[in-house]
Each structure stands twice: as C-alpha cells, then as structure tokens.
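In case it helps, the working numbering puts the sequence shown at residues 14 to 175. Here is the structure we will look at, set down as structure tokens.
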Amino acid sequence: MNPDAQTRLDPPALLHALHAEFDRLNAAHFGGRLTLPEITLSRRKTYGGYYQPRKHRIVLSLQAYQEHGWPETVNTFRHEVAHIVYPNHSRAFWDLAHTLGCTQRYASAPLTPRRTPRKRYLYVCDACGSRLVRHRRLRNASCGSCDTKYNPKFALRLLSAE
14 MNPDAQTRLD
24 PPALLHALHA
34 EFDRLNAAHF
44 GGRLTLPEIT
54 LSRRKTYGGY
64 YQPRKHRIVL
74 SLQAYQEHGW
84 PETVNTFRHE
94 VAHIVYPNHS
104 RAFWDLAHTL
114 GCTQRYASAP
124 LTPRRTPRKR
134 YLYVCDACGS
144 RLVRHRRLRN
154 ASCGSCDTKY
164 NPKFALRLLS
174 AE
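Okay, structure coming up:
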C-alpha cells in the first residue's frame, strides 16, 4: 500500500502502510535481516519522529502526517529506519538514508502554531522585597526567605499577571 500525497488514512491504515513500507525496505536493502520495530503514532508535534533503540520502537507524529501527508511521513519513517542501523547522523547514516529514499534532512515545521506562552504571575514579599515568578496563581503563599513555614505575616502579594 502506497498512499498518494492527497490521500489521508486513519491511524490503523497508516500503521498498516508503514509496516508495508518497512517490509519493502527490509527486503530491498537488508535482505530481510532487520526485525520489525514497534511502530507507534504520537499526537504530539515536537518532532517528526524518532527511534528508541532500547524499546526497538519508531514513533511518528500523527499531527505531522495530518498536516503534511504521506510523502513527509514516509520520508521521516525512512530516516528512522536508517537509525536502526546507525544511531548517529554519521556519513554512513546519511548514505544509507539516501539509499532508502530519504529526501529531506529535517521534518517540516508544524502548520499549527505552538501553544501560546503561559501566563506569568509576579509576587512580592512586602517584608523583605523578594520577588517570585510563577506560572500558576498562588493561594495563601508566604515568603520562604522570611519564614520556612507558611506565615500570614509574610504573605506574598500579587504584583502583576502577564
């Protein structure tokens, strides 16, 4: 099964296509010597994909597939298959990746923007002047410099929320 650039497969069909691609690469380039890794899809897009040698697992981004399609995903998959043989990006790795049909060195950037930066809360201790930045709003917090246990006498005051 070799989907075209416009076809969008559901996750089980995509995994089936990736298994078929592994079998094709293994037969054509390794004489069937490679063992089939576990292939999983991740919903995160902090990477295009990666290979975990200890678990013998290839993880690919489902979001990258949904945004960029089969050509991008199969390119990343071939890159990760090359990592089964060569763990680092050595000259031998890139030669093998090129032989396997890997055409890009890097995965494309995500189309959807990253999450917006988290809100920052700035607190100040009126007793000693210490400032404290937090990403979550605090309730009933006191200055740790003035007293190691909670003490309402050294309560932190919210200075700004940005």
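For glycine and all other residues, C-beta sits at the position ideal for the given N, C-alpha and C. Computed from a prediction, not measured in an experiment: that's the story for all the values here.
Does the segment 143 to 155 come within contact of the segment 113 to 121, defined as at least 3 CB pairs closer than 8 Å?
-> Touching, no, given that fewer than three Cβ pairs across the two stretches are closer than 8 Å.
Express the C-alpha separation of residue 49 and residue 35 in angstroms, rounding to a whole number.
-> As a working mapping, residue 35 is identified with position 22 in the sequence shown. As a working mapping, residue 49 is identified with position 36 in the sequence shown. Using only the alpha carbons, I get a separation of about 7 Å.
Go through its chain and collect everything with a Cβ distance to residue 51's Cβ below 8 Å, but skip five positions before and after it.
-> Indexing the sequence shown from 1 puts residue 51 at position 38. Once the five neighbours on either side are set aside, the close Cβ partners of residue 51 are 68, 69, 70 and 71.
May I ask you to report which of helix, strand or coil DSSP gives residue 51?
-> Along the sequence shown, one-based indexing puts residue 51 at 38. In the structure shown, residue 51 sits in a strand (DSSP, three-state: E or B).
Report the residue from 58, 109 and 74 whose alpha carbon sits nearest the alpha carbon of residue 92.
-> By 1-based counting over the sequence shown, the position of residue 92 is 79. Of the candidates 58, 109 and 74, the one whose C-alpha sits nearest the C-alpha of residue 92 is 109.
Tell me, please, which residues DSSP counts as bridged to residue 173.
-> To locate residue 173, count along the sequence shown from 1; it is residue 160. Answer is 135.
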